[in-house]
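> Can you read through this structure? Questions will come right after.
Shown next, in the form of structure tokens:
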């Protein structure tokens, strides 16, 4: 197995960054961990948590000796950061953003010299909580981390980033940027959009009815609100970043919903039963795939 | 506290019926529990589980001495059962159906003489598993059970049914049939319909892409498939039974979804941020209401 980096620097330190830091620290008590976060309040929280060796107050200079730099910021922050970031020579870079096309575009536009040593990555892990105080070392265990290497990516850099994710318990797979963004639109972005929408629909019912909906939140709505409790900034950025794939999948979803609506309106019980039975089979497939 | 019934007979015995039986047995080891289920395979399973004192193979005659009869069947089974059921004089009846309008209609049409002693009820509890083998005694603890008494309902019958639900840990509230069906459309029926739809959309992507969606099912899609794994017969019946309320809430949801779609297409980040922030607040309200 390849050695792990001896010094990891994080730019942005929320749920994902802090979970990765905790997992790396658990593997190696002498690893050097440093952090820059643009938000002074978050920097204070990180100091208080005592998880890392140093918190710095500016993006540059990147702490000397950084072997791996992890960008763990909302999607719309990439452009500004890549315009100004000056990593030491030889530092390998990676990110954890949910939309890989945006990161690739920003790289090609603002930091093409980083292309060989920047490994685009996305761990499929998270909770509805955000912020460094909610991270935990086990977050990535048995979860997928998808890497989307570009034609320019140095195999050595790819190997190191893969090694880091596997060492914290993730299963790594590689695919193209476009394929990643299409799959994530369906598995994550559309479900979140729908969850946000249905909670908004409940709010629009008016205060009295909404209060009762909240009070009697049965299975279903309750689960949707959990999904919809995710970080607003992160999700706004995701939808604006993966606009094309999200809108295209959303069109398919809307067509399907119209079909079910018609089936209910016309009381086609057999159509409903068939679709519901299919859905149950997919759930079994997911349990078999170990992602339940 | 009112005494609990000494003999409870179940018509239909899936997740809900068997959970109630387990909870009542735990409270009182000498309570007499009997069951009729129309499905011989399920009757065999119930015999094997050894949860009840007697399994009978026909709807009538209802076992002598039954003090409370619990109808725990899918919505579309009520009409046929109420047409032929002959409960002993003095037996109090209740049900656990998700749509109260259907039960009221069937009662008024086929068994009006039962109106005073039939208490319409609905425990807001369940899992994605179905069948008597998946029941558990703790299912109703701290969950709501909504009772929708009619103008004819005998207060003594209402009191007994309320007492049964409270004794197994549920919080009981009463409301009108119409109000119940509207609230449940929003809290439960629409979320399930959407979950079924999105899983169906994934299936329609074609085998290769769907397989990857299953493999990388991130938070969001994974939660939706869990909701969508619920019993197909039960849910087909619910949608056909609560057609009007479901279609009306679905129209509101579709309007809201169009709004978010436009916000993404036109890159209105502030609109998205505001809606997502509202959704998070509702989640906090639900946690405060103790239903998370």
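Residue numbers (the working numbering), protein chains in the order written: chain R, 1 to 292; chain D, 293 to 584. Heads up, the beta-carbon is just placed ideally off N, CA and C, and yes, glycines get one too.
With three or more C-beta pairs closer than 8 Å as the rule, is the stretch 460-470 of chain D touching the stretch 313-320 of chain D?
yes
> From residue 400 of chain D to residue 407 of chain D, what does the alpha carbon distance come to, in whole angstroms?
7 Å
> Taking only runs of the alpha helix (DSSP H) that begin and end inside the stretch 428-466 of chain D, which ones reach a length of at least 4 residues, in chain order?
447-459
> By the 10 Å Cβ neighbour count, where 16 or more other Cβ atoms means buried, how is residue 349 of chain D classified, buried or exposed?
exposed
> When the distance is taken between beta carbons, is residue 377 of chain D closer than 8 Å to residue 352 of chain D?
In contact: residue 352 of chain D and residue 377 of chain D (Cβ atoms closer than 8 Å).
> Are the beta-carbon atoms of residue 537 of chain D and residue 474 of chain D separated by less than 8 Å?
yes
> Which whole-angstrom value is the C-beta distance of residue 100 of chain R and residue 177 of chain R, which I expect to be below 8 Å?
4 Å
> Is residue 519 of chain D near residue 487 of chain D, with beta carbons less than 8 Å apart?
Taking the C-beta atoms as reference points, residue 487 of chain D is found nearer than 8 Å to residue 519 of chain D.
> Report yes if the CB atom of residue 413 of chain D is closer than 8 Å to the CB atom of residue 439 of chain D, and no otherwise.
yes
> Which one of R/207, R/188, R/221 and R/256 has the shortest CA to CA distance from residue 235 of chain R?
R/188
> Give the interface partners of residue 212 of chain R over in chain D, defined as CB-CB distance under 7 Å, in chain order.
Result: 475.
> Within the continuous alpha helix (DSSP H) that includes residue 393 of chain D, where are the two ends?
392-402
> Strictly by DSSP, which residues pair up with residue 10 of chain R?
In the DSSP assignment, residue 10 of chain R forms a beta bridge with R/35 and R/70.
> If residue 508 of chain D and residue 139 of chain R are in contact, beta carbons under 8 Å, what's the gap, nearest whole angstrom?
Incorrect: roughly 16 Å between the Cβ atoms, too far for contact.
> So that I know if they touch, is there some Cβ in chain R lying closer than 8 Å to that of residue 384 of chain D?
no
> Is it buried or exposed, residue 456 of chain D, if we count other Cβ atoms within 10 angstroms and call 16 or more buried?
buried
> When you compare the stretch 324-342 of chain D with the stretch 378-389 of chain D, are there three or more beta-carbon pairs, one atom per stretch, that lie closer than 8 Å?
no
> Within 10 angstroms of the Cβ of residue 5 of chain R, are there 16 or more other Cβ atoms? Answer buried if so, exposed if not.
buried
> By Cβ distance, which residues of its chain are closer than 7 Å to residue 374 of chain D, with the 5 residues on each side in sequence left out?
398, 399, 402 and 403
> What residues match up with residue 415 of chain D in a beta bridge as DSSP calls it?
D/437
> Under 8 Å between the Cβ atoms of residue 276 of chain R and residue 441 of chain D?
Not in contact: residue 276 of chain R and residue 441 of chain D (Cβ atoms no closer than 8 Å).
> How far does the beta strand (DSSP E) with residue 115 of chain R in it reach, from first residue to last?
Element bounds for residue 115 of chain R: n/a, residue is neither H nor E.
> Is it buried or exposed, residue 12 of chain R, if we count other Cβ atoms within 10 angstroms and call 16 or more buried?
buried
> Using the Cα positions of residue 249 of chain R and residue 553 of chain D, report the straight-line distance between them to the nearest angstrom.
11 Å
> Suppose the cutoff is 7 Å on Cβ atoms and the five residues either side in sequence are ignored; what does the same chain contact list for residue 53 of chain R look like?
32, 33 and 34
> For the putative contact between residue 390 of chain D and residue 476 of chain D, defined by C-beta atoms under 8 Å, what is the C-beta separation to the nearest angstrom?
6 Å
> With a threshold of 8 Å between beta-carbons, can residue 109 of chain R be considered close to chain D, or not?
no
> Are the CB atoms of residue 9 of chain R and residue 96 of chain R nearer to each other than 8 Å?
no
> Tell me where the beta strand (DSSP E) around residue 54 of chain R begins and ends.
54-56
> What is the rounded straight-line gap between the Cα of residue 532 of chain D and the Cα of residue 267 of chain R?
6 Å
> Using a Cβ-Cβ cutoff of less than 7 Å, which residues in the same chain neighbour residue 396 of chain D once the five nearest sequence positions on both sides are dropped?
Closer than 7 Å at Cβ, skipping near neighbours: 412, 442 and 469.
> Under three-state DSSP, which class holds residue 383 of chain D?
coil
> Let me see if you follow: with CB-CB separation under 8 Å, is residue 71 of chain R close to chain A or not?
In the structure shown, chain A cannot be found, because the protein chains are R and D.
> Less than 8 Å between the beta carbons of residue 394 of chain D and residue 370 of chain D, yes or no?
yes
> Taking DSSP as the reference, what is the three-state secondary structure of residue 211 of chain R?
helix
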